[in-house]
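One structure is given below, encoded as structure tokens.
Residue numbers (the working numbering), protein chains in the order written: chain A, 1457 to 1977; chain B, 104 to 438.
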């Protein structure tokens, strides 16, 4: 009996009873922290995980291809036009032939329902449709089965509207299926949070909340790839992802630490991919009346006191770009100029001039990781050290992000270490929040009410001519780099490691990955 | 026995009332805004206000407490601010995973701890006793997160002997959910591949989670056995010519069982309340992970729900441990 028990125990180690190799070659397993995934309803999506998955289950009217985020391509609409109207602009889309996974044809009524429901249930990303597009329920109209028009108000820039419609919030859902699952006027969001009703290349086969997401190929989709299944496994620990990638349990790891990534670059078993992001990490300085950073000389001193090169080279292991302006690389108006240099002596002189020598501030930072995967504590400590070198005492107060943002929103943060990325791939996604006080976003949180910045931001948002818009943003980025309430630290590179047999894994700066482009050897 | 049970149930109600009240007020003392936490850093002020209104977060604290207690009396723990689902539903989803992991950890601690403790006791002060005590010391002292990462890296990544994080291999479709226990559900579905794989996935997290409790069980067993082995009836049993094993396992160990049972009960209670670190590192979606996510996302109702469930679990296990004393010691009766 004892021998049997021992043999059985040993067998647990020896016999994994693996699956056929062909099934593995058509399945991609991604190890990623799915902690931000709370729903798979594309209309509610506001987090990276949901957006990445939603991009493969659903289709939008227009889309980007690969890493090119400056040219809008046909999606469900194969053509569109801007038609001026009495109240603004009509965006008219002509739909191509397409089917949902259910077999139902994609019609203009589905488009209208999809946008109406986003406004109707007022989720975290609904403002993109209701505020940025400026439309209400009923403003998206089906003229016939293949023609849909969105009535934009005059305040809305149609170019920005098109950019917003590439985001998963504008995804088109199978209205017949979703309506049949509506409960208590919820627009089907409860059901759609755990199921799918799209026309994209994949369907949601199974969703184990907080554990994993199984995607299965959609036979009715208009585009397909060699992968029949894509599985996203929740793995919060970078070490666990590293071990799983090494053993072959996963094919893609999203959260390698910078040091582990550098090591992976020289490992023939892996491909270490440096992918772009639109994110940025910054210091916010409260510039309100009576606040520590009211005087721009003090703000400029902070900007000149921080050694950005050391942060990028040492803490980030070179996985980042030095940035000093508010529009990230890859977007129209991106400005990679350096408007100030690291100069602690000059910083001290500025502080003396402003009468702020020996100042002391409360420095808020969150637990967990900052942009680029480095612990926020490490980055905060580095900044604290740099500021101490010029005579500023920054007392670090660390807390969970939720608590930190509560203080920030109340305009009570003196100095804060935070991150930002635009909601849609348009410069206005950064400019309005960071420059326009009236938008009640980041400029407002740092109590920076500047007429020049506000006017330039508003002009850029409503300008349709690309060259004029570019000129406005060039002026604004330089002005804000030297006068704004921010010290932009860096724009991170998203480091992803895949196994060497994986081809075609391309992640764009928005975080989207087209799973149909991926294959395994 | 019946009167004793009724008395203990009344005690339990008071304990749970205390736990739930303490959890409520402590959760609301945290100087932050759950609405802002739930909606994220980029949410607009109007969205936050609407969220507060919807979930009653803008009401005075005593009103929120009254609403909370009235729902609690109906068995309603409210909805999670993060998942928007009923917390009872969320906990039902995650609790079986924790039970499965905990039982495997308990099995490890008993299978290793009992024999090691006995061996150490019968060889008191010899080399083997020193070795066992050192192993127990190390097992109790080594940080769980370090042990987990070392074992994953070595036995999974380097040697490939055991699976890594997760409850099942990614390529195996989970069985239909009946009990929430991956092992049982796969057997019910007659999916023996999934059953075998689920069993293998319990090895590393079971060892990690069971390490500290193995140390406890080993030391308690050794200590209890040393007491018992000195007793006259043990000497009598030897002199009657009974085999060494019979004396140790049938006579000595049984009489040493009470303190071992107490420690095992406490261990089970603390493990069931949430093996936070182990579940996080092994991507094990159990109560510990749910609690961690609730804390970091300031999902106050979920945190309160988990606290209450942990209180219920501890109370029930304490009761069961007390009742089982009567099984092991006929001198004990609950009249």
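All residues carry an ideal CB built from backbone N, CA and C; glycine is no exception.
Less than 7 Å separating the beta-carbons of residue i and residue j?
{"i": "residue 1629 of chain A", "j": "residue 1570 of chain A", "result": "yes"}
{"i": "residue 1943 of chain A", "j": "residue 1846 of chain A", "result": "no"}
{"i": "residue 1655 of chain A", "j": "residue 1728 of chain A", "result": "no"}
{"i": "residue 1689 of chain A", "j": "residue 1487 of chain A", "result": "yes"}
{"i": "residue 309 of chain B", "j": "residue 394 of chain B", "result": "no"}
{"i": "residue 1717 of chain A", "j": "residue 1947 of chain A", "result": "no"}
{"i": "residue 1759 of chain A", "j": "residue 1741 of chain A", "result": "no"}
{"i": "residue 1507 of chain A", "j": "residue 1624 of chain A", "result": "yes"}
{"i": "residue 1825 of chain A", "j": "residue 1857 of chain A", "result": "no"}
{"i": "residue 370 of chain B", "j": "residue 316 of chain B", "result": "yes"}
{"i": "residue 220 of chain B", "j": "residue 321 of chain B", "result": "yes"}
{"i": "residue 1616 of chain A", "j": "residue 1884 of chain A", "result": "yes"}
{"i": "residue 418 of chain B", "j": "residue 118 of chain B", "result": "yes"}
{"i": "residue 271 of chain B", "j": "residue 277 of chain B", "result": "yes"}
{"i": "residue 1658 of chain A", "j": "residue 1952 of chain A", "result": "no"}
{"i": "residue 1817 of chain A", "j": "residue 1850 of chain A", "result": "yes"}
{"i": "residue 1739 of chain A", "j": "residue 1873 of chain A", "result": "yes"}
{"i": "residue 170 of chain B", "j": "residue 131 of chain B", "result": "no"}
Which residue from the options puts its Cα closest to that of residue i?
{"i": "residue 1633 of chain A", "options": "A:1556, A:1777, A:1680 and A:1597", "result": "A:1556"}
{"i": "residue 179 of chain B", "options": "B:373, B:420, B:424 and B:405", "result": "B:405"}
{"i": "residue 188 of chain B", "options": "B:415, B:402 and B:419", "result": "B:402"}
{"i": "residue 1685 of chain A", "options": "A:1691, A:1679, A:1674 and A:1678", "result": "A:1674"}
{"i": "residue 1695 of chain A", "options": "A:1887, A:1720 and A:1741", "result": "A:1720"}
{"i": "residue 312 of chain B", "options": "B:213, B:275 and B:104", "result": "B:213"}
{"i": "residue 388 of chain B", "options": "B:181, B:109 and B:193", "result": "B:193"}
{"i": "residue 1491 of chain A", "options": "B:185, B:122 and B:124", "result": "B:185"}
{"i": "residue 396 of chain B", "options": "B:159, B:379 and B:182", "result": "B:379"}
{"i": "residue 412 of chain B", "options": "B:198, B:218 and B:157", "result": "B:198"}
{"i": "residue 236 of chain B", "options": "B:373, B:167 and B:224", "result": "B:224"}
{"i": "residue 306 of chain B", "options": "B:291, B:268 and B:342", "result": "B:268"}
{"i": "residue 425 of chain B", "options": "B:409, B:392 and B:362", "result": "B:362"}
{"i": "residue 1510 of chain A", "options": "A:1976, A:1975 and A:1966", "result": "A:1966"}
{"i": "residue 152 of chain B", "options": "A:1580, A:1651 and A:1560", "result": "A:1580"}
{"i": "residue 1713 of chain A", "options": "A:1670, A:1750, A:1971 and A:1770", "result": "A:1770"}
{"i": "residue 1867 of chain A", "options": "A:1875, A:1878, A:1901 and A:1835", "result": "A:1901"}
{"i": "residue 1968 of chain A", "options": "A:1517, A:1524, A:1482 and A:1484", "result": "A:1524"}
{"i": "residue 1593 of chain A", "options": "A:1668, A:1699, A:1622 and A:1577", "result": "A:1577"}
Label residue i either buried or exposed according to how many other C-beta atoms from any shown protein chain fall within 10 Å of its C-beta, with 16 as the threshold for buried.
{"i": "residue 1474 of chain A", "result": "Legend: pLDDT at residue 1474 of chain A = 49, less than 50; position of this residue unreliable, value from coordinates given subsequently. Classification for residue 1474 of chain A: exposed."}
{"i": "residue 1522 of chain A", "result": "exposed"}
{"i": "residue 336 of chain B", "result": "exposed"}
{"i": "residue 1829 of chain A", "result": "buried"}
{"i": "residue 1607 of chain A", "result": "buried"}
{"i": "residue 1745 of chain A", "result": "exposed"}
{"i": "residue 106 of chain B", "result": "exposed"}
{"i": "residue 1476 of chain A", "result": "The predicted model places residue 1476 of chain A with a pLDDT of 46, which falls under 50 and marks its position as unreliable; any figure quoted below should be read in that light. Counting Cβ neighbours within 10 Å, residue 1476 of chain A comes out exposed, since fewer than 16 surround it."}
{"i": "residue 104 of chain B", "result": "exposed"}
{"i": "residue 258 of chain B", "result": "buried"}
{"i": "residue 414 of chain B", "result": "buried"}
{"i": "residue 1964 of chain A", "result": "buried"}
{"i": "residue 109 of chain B", "result": "exposed"}
{"i": "residue 334 of chain B", "result": "exposed"}
For residue i, write down the residues that DSSP places opposite it in a beta bridge.
{"i": "residue 1521 of chain A", "result": "A:1524"}
{"i": "residue 1550 of chain A", "result": "A:1535 and A:1603"}
{"i": "residue 1545 of chain A", "result": "A:1540 and A:1608"}
{"i": "residue 1673 of chain A", "result": "A:1658"}
{"i": "residue 1688 of chain A", "result": "A:1486 and A:1669"}
{"i": "residue 1777 of chain A", "result": "A:1947"}
{"i": "residue 1596 of chain A", "result": "A:1606"}
{"i": "residue 1555 of chain A", "result": "A:1561"}
{"i": "residue 1963 of chain A", "result": "A:1969"}
{"i": "residue 1729 of chain A", "result": "A:1952"}
{"i": "residue 526 of chain B", "result": "Given a span of 104 to 438 for chain B in the structure shown, any question on residue 526 of chain B remains unanswerable."}
{"i": "residue 1739 of chain A", "result": "A:1873 and A:1943"}
Consider the C-beta atom of residue i and the heavy atoms of the ligand PLP; say whether any pair is separated by less than 6 Å.
{"i": "residue 1748 of chain A", "result": "Annotation note on the ligand PLP: not contained in the displayed structure, which lists no ligands."}
Subject >> Segments assigned beta strand (DSSP E), at least 3 residues, entirely inside the stretch 1786–1838 of chain A >> reply: 1816–1822
**OP:** Scan the stretch 258–294 of chain B and note each continuous alpha helix (DSSP H) run of 4 residues or more that stays entirely inside, going in chain order.
**Re:** 285–291
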